[in-house]
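Comments concern the structure below.
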Amino acid sequence: MADEDIRKLTQAIEDYGKWVKDASKTTSYPRALMDFLVFAINSEMAWKDMFTVDTLEAFRSHSRFTVAPRALISLSDYLFSQNRIDQPLEIPAPRVFKQVVQLPDLYEQYLLFYKQTSRVSDNHLKSVRSLLARFHEYLQNQNIEISALRIEHLDAFLGRMKLATNTKSVYRSQLRGFLKYLYYERKIIKRDLADLLVAPPPSLPGPNPQNS
478 MADEDIRKLT QAIEDYGKWV KDASKTTSYP RALMDFLVFA INSEMAWKDM FTVDTLEAFR
538 SHSRFTVAPR ALISLSDYLF SQNRIDQPLE IPAPRVFKQV VQLPDLYEQY LLFYKQTSRV
598 SDNHLKSVRS LLARFHEYLQ NQNIEISALR IEHLDAFLGR MKLATNTKSV YRSQLRGFLK
658 YLYYERKIIK RDLADLLVAP PPSLPGPNPQ NS
């Protein structure tokens with residue numbers, strides 16, 4: 478690990494802490510990130526290797542802090558938003574969802590409601606569960622309460638996933654069902670966000686020079 482990489486990571490953690498404070502977020506994970514700095518130095522880790530899934534898993538095993546993975550993911554989200562890394566950290570779906578994920582009660586109750594009121598296959602229900610697990614993790618990492626959910630949060634969540642257009646359309650449909658449940662059945666959010674969760678409008682063609 479070069480001195481430049483040490484300075485780069487140190488500065489990144491310092492800038493992230495200031496950003497969290499200015500944004501009045503819940504926590505900047507100071508102790509966990511200092512632990513990561515020590516971990517990176519002892520591992521002689523280069524900057525390009527710091528924000529990878531393998532590093533996340535290694536740091537999770539190393540650190541005594543239970544918030545260690547969340548801290549590193551949150552730091553990577555900030556650095557990505559500042560164009561300081563190419564992509565944010567995200568645990569690939571196969572590693573997270575190879576077994577049935579037990580979600581908080583609100584999500585489990587929605588899945589039961591959805592199963593009882595819709596004629597869907599078990600595979601479809603598993604797909605919805607997987608998406609909701611990713612969504613729940615995203616809200617946790619961003620310190621967003623579900624009662625404070627806004628359309629900007631949903632757009633940001635979908636925007637961070639590199640997916641085919643058809644897949645994003647499926648995900649939007651699945652999220653719309655959950656949003657309607659939150660609004661109509663549970664009265665948890667203050668407005669129905671489902672109707673706002675639509676695909677971006679197609680770009681309009683430019684003027685035809687021959688018709689000018």
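According to my numbering, the sequence shown is numbered sequentially starting from 478. From the three backbone atoms N, C-alpha and C, an ideal C-beta is built for every residue, glycine too. Please read all numbers here as calculations on a predicted model, not as lab measurements.
Of the candidates Q651, S646, F612, F612 places its Cα closest to the Cα of A633.
If you look at T532, you'll find it in the alpha helix (DSSP H) that goes 530-539. With fewer than 16 other CB atoms across the displayed protein chains lying within 10 angstroms of its CB, V515 is exposed. Closest in C-alpha terms to G494, from the list S607, E534, D554, comes D554.
A straight-line Cα-Cα distance of about 40 Å links L659 and D526. The residue from Y648, D669, A489 with its alpha-carbon nearest to that of N560 is A489. In this structure, the CA atom of Q586 is about 34 Å from the CA atom of A535. By the criterion of a C-beta distance shorter than 7 Å, R537 is surrounded in its chain by A545, P546, once the five residues flanking it on both sides are discounted. Comparing alpha-carbon positions, the option among S540, S595, L486, H601 lying closest to W524 turns out to be L486. L510 and A548 have their C-alpha atoms spaced approximately 7 Å apart. Counting along the chain, the unbroken alpha helix (DSSP H) around S551 starts and ends at 545-558.
Straight-line measurement puts the Cα of A625 at about 31 Å from the Cα of F513. Annotation for N618: the continuous alpha helix (DSSP H) segment containing it runs 599-618. CA-to-CA, the gap between D599 and S650 works out to about 17 Å.
Buried is the label assigned to Y584, since at least 16 other Cβ atoms lie within 10 Å of its Cβ. Excluding its 5 nearest sequence neighbours in each direction, T644 has no C-beta neighbour in its own chain below 8 Å.
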